[in-house]
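Structure first, commentary second.
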Amino acid sequence: MGPADLGCPGLSPVRAEGGGRIPRPPPAQPQRPVGHRRAAAVAPLRGRADRGPARPRRLPRPRRAPPRPPRLRLGRTAPALGFRRQHLGRGWRPAGARCLPPSAMSSAGAADALPAGRTPVSSLHEALDQCMTALDLFLTNQFSEALSYLKPRTKESMYHSLTYATILEMQAMMTFDPQDILLAGNMMKEAQTLCQRHRKKSSVTDSFSNLVHRPTMDQFTEEEIHAEVCYAECLLQRAALTFLQDENMVSFIKGGIKVRNSYQTYKELDSLVQSSQYCKGENHRHFEGGVKLGVGAFNLTLSMLPTRILRLLEFVGFSGNKDYGLLQLEEGASGHSFRAVLCVMLLLCYHTFLTFVLGTGNVNIEEAEKLLNPYLKRYPKGAIFLFFAGRIEAIKGNVDTAIQRFEECCEAQQHWKQFHHMCYWELMWCFTYKGQWKMAYFYADLLSKENSWSKATYIYMKAAYLSMFGKEDYKPFGDDEVELFRAVPGLKLKIAGKSLPTEKFAIRKSRRYLSPKPISLPIPALLEQGGLPGECGSRPGPQSMGKEF
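Rendered as structure tokens:
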């Protein structure tokens, strides 16, 4: 009986010395190291030893990620949304997949960051609608409500972030508070970073190509083209804050670089709009309004600079045409866009302030009233429009009506006290025209205590009005005119490294009071500096003013 008969097929017979057979133990199997995957993969399967070594297991192939949707080019439109079908480039879709409609297409990678059901086009349209709502709140004197409405989306929407930062910058311009200027600058920097994220990503090859050929609308999506406009606005507003924040040469150079970059961006966008390949998208009116605002503001501002400075700026690439700038702003103001009201405000500032300060031409009151009346009807209690209405009445010589408008402006809102200071300044001049020195002194005193825009000018105005009082009239106020005049030179302020023209005038006129026996003739000089309204200059002045002169 052998080993096989005993049911031990693995034992082979071995002959012993005595002739008997003893069983040989089976060969020991090599122990497989723990965690050795390759040894486990090549080990023979149980019960299949006769088939030889097993094949190694094949690792699962990684699943291919779904393709991104093709990009939507702004220059070509489809019938439903104003975009025509065009070549989709290298974008492909799997077999059997449903082709996306044009409204659902977006720039590469943008669709993954959007919530379900929201596309870049719809998100942009929604953001513009919400910013228009915030603008309505702002124009109805609900400043805090407008900021609260915009704040939740300032981290994701470039229009929300830009509008929020613009309101903060307007507040900083009125207060001149360093903390407000710093806060507005930081917020505007965040808005610029967000706009940069949405701009078109260009490679080195694209940069060299743009040096030879100008970019066309086919190279941008609608979201990218709006990001370019917002980016240019951020640069321009950050430059203005830079000039206010620091007075050193480094900050001045940084601000100048920002202004030049903004100017070049607006110039390229204006060329795109004027080109024959330009096709209007769903939100084209807001894009065109932004371009017209920037191009018009640059041309109008540069054209009002002195000839010597303008020639220097033309040497480094700037140019300004007043007629073209006014035309662009008027077209932007007539459109129903997000920036239309900004074009209106800039034109009103030009017609009611800049033409007087710079002496560049006659005032077009009819055009100013034509721009203002629609907004005054829509926002009858809007402080901004009431202020411009009072300014127009003062220019026309209706001083009493102007005073009424400015007082209504102060009563319309109590949130921004700094906006009251603009009205105080105008009220001070209105009472100066009427010869009511005590009321004029009252508003000059308020400005010197509450506003930090130009302390030297305010103190000089206080002293000038005190000099018109009788010997017994100014004692209750507790101020001495000579001491106030002598304090003016020490209050000089510089903005962007330059002194204010009004402060230069006040300091020059105050020097006469450094002598032991000063000559008191401040009011005629004030009227020469401030200028009489149109009709006040041609009709006899108040009797009280004539007696003092």
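Heads up, the sequence shown is in our numbering, so the first residue is 1239 and it goes up one at a time. For every residue, glycine included, the Cβ atom is placed at its ideal position computed from N, Cα and C. Owing to the predicted nature of the structure, the values given are computational and were not obtained by experimental measurement.
Residue i versus residue j: straight-line alpha-carbon distance, rounded
i, j, result
"Pro1416", "Gln1515", "46 angstroms"
"Leu1551", "Pro1390", "41 angstroms"
"Leu1704", "Leu1722", "10 angstroms"
"Arg1476", "Gly1673", "42 angstroms"
"Val1637", "Ala1650", "20 angstroms"
"Ile1697", "Val1720", "11 angstroms"
"Ala1606", "Val1511", "28 angstroms"
"Arg1629", "Ser1361", "40 angstroms"
"Arg1616", "His1653", "21 angstroms"
"Leu1567", "Asp1718", "48 angstroms"
"Met1411", "His1363", "30 angstroms"
"Leu1548", "Val1488", "22 angstroms"
"Leu1614", "Leu1624", "7 angstroms"
"Tyr1681", "Ala1694", "15 angstroms"
"Gly1347", "Lys1393", "Unreliable placement is indicated for Gly1347, whose pLDDT of 37 sits below 50; no coordinate value is reported for it."
"Thr1610", "Val1582", "The displayed chain sequence assigns Leu, not Thr, to residue 1610. For Leu1610 and Val1582, the distance between alpha carbons rounds to 8 angstroms."
"Leu1738", "Tyr1504", "29 angstroms"
"Met1343", "Cys1468", "For Met1343, the pLDDT reaches just 36, beneath the cut-off of 50, and the residue's location in the model is therefore unreliable, although a value from the coordinates is still provided. Approximately 22 angstroms, taken between the alpha carbons."
"Met1396", "Phe1490", "27 angstroms"
"Glu1604", "Pro1612", "13 angstroms"
"Gln1368", "Arg1746", "50 angstroms"
"Glu1383", "Ser1748", "45 angstroms"
"Thr1740", "Val1726", "12 angstroms"
"Leu1585", "Glu1569", "11 angstroms"
"Met1677", "Trp1663", "12 angstroms"
"Phe1376", "Leu1752", "47 angstroms"
"Phe1381", "Arg1750", "45 angstroms"
"Leu1596", "Arg1546", "15 angstroms"
"Lys1492", "Leu1388", "29 angstroms"
"Arg1724", "Leu1580", "41 angstroms"
"Pro1618", "Pro1754", "53 angstroms"
"Ala1365", "Leu1385", "15 angstroms"
"Lys1655", "Asp1374", "20 angstroms"
"Thr1639", "Asp1508", "42 angstroms"
Beta-carbon gap between residue i and residue j smaller than 8 angstroms
i, j, result
"Ser1500", "Leu1474", "yes"
"Glu1631", "His1659", "no"
"Ile1633", "Thr1590", "yes"
"Lys1700", "Tyr1679", "yes"
"Gly1532", "Glu1471", "yes"
"Gly1620", "Thr1378", "yes"
"Tyr1562", "Asn1602", "no"
"Ala1478", "His1436", "no"
"Gly1573", "Gly1534", "no"
Short CB-CB distance (under 8 angstroms) between residue i and chain B
i, result
"His1363", "Protein chains in the displayed structure number just one, and chain B is not present."
Pick from the options that is closest to residue i, judged by C-alpha positions
i, options, result
"Gln1409", "Thr1378, Phe1657, Glu1604, Tyr1696", "Phe1657"
"Phe1553", "Arg1749, Arg1498, Thr1503", "Arg1498"
"Ala1372", "Arg1577, Leu1538, Ser1557", "Arg1577"
"Ala1571", "Glu1506, Val1637, Val1529", "Val1529"
"Ser1692", "Gly1728, Ala1627, Pro1754", "Gly1728"
"His1398", "Glu1428, Asp1561, Ser1690, Lys1505", "Glu1428"
"Lys1438", "Thr1431, Gln1457, Gln1430", "Gln1457"
"Cys1517", "Val1579, Ile1463, Arg1724, Lys1676", "Ile1463"
"Leu1432", "Leu1400, Met1411, Ile1419, Thr1413", "Leu1400"
"Gly1555", "Ala1627, Ser1395, Ile1495", "Ile1495"
"Cys1661", "Cys1581, Pro1739, Ala1694, Ile1622", "Ile1622"
"Ser1690", "Cys1369, Asp1418, Ser1395", "Asp1418"
"Thr1413", "Leu1685, Asp1374, Ser1509", "Leu1685"
"Ala1744", "Ser1753, Leu1596, Ala1702, Ile1491", "Ala1702"
"Lys1560", "Val1595, Gln1380, Tyr1588, Pro1618", "Tyr1588"
"Lys1608", "Thr1593, Phe1381, Ala1627", "Ala1627"
"Met1370", "Phe1381, Ser1575, Lys1492, Thr1480", "Ser1575"
"Leu1420", "Phe1594, Thr1480, Leu1388", "Thr1480"
Three or more C-beta pairs below 8 angstroms linking the segment 1639–1650 and the segment 1400–1419: no
Is it true that the segment 1730–1740 meets the segment 1702–1709, where meeting means three or more beta-carbon pairs spaced less than 8 angstroms apart? They do not touch, by the three-pair rule.
Tell me, please, whether the segment 1660–1668 touches the segment 1420–1429 by the rule of three or more beta-carbon pairs shorter than 8 angstroms. no
Are the segment 1537–1546 and the segment 1508–1523 in contact at 8 angstroms, needing three or more beta carbon pairs? no
Runs of alpha helix (DSSP H) lying entirely within the segment 1374–1437, each at least 4 residues, in chain order: Within the segment 1374–1437, the runs of alpha helix (DSSP H) that reach at least 4 residues and sit entirely inside it are, in chain order, 1381–1388, 1396–1413, 1416–1436.
Would you mind listing the alpha helix (DSSP H) stretches within the segment 1606–1649 that are 4+ residues and don't spill past its ends, in chain order? 1621–1634, all fully within the segment 1606–1649.
In the segment 1475–1535, which residue ranges form an unbroken alpha helix (DSSP H) of at least 4 residues, counting only runs that do not cross its ends? 1487–1512
Runs of beta strand (DSSP E) lying entirely within the segment 1691–1738, each at least 3 residues, in chain order: Counting only runs of 3 or more, we get nothing.
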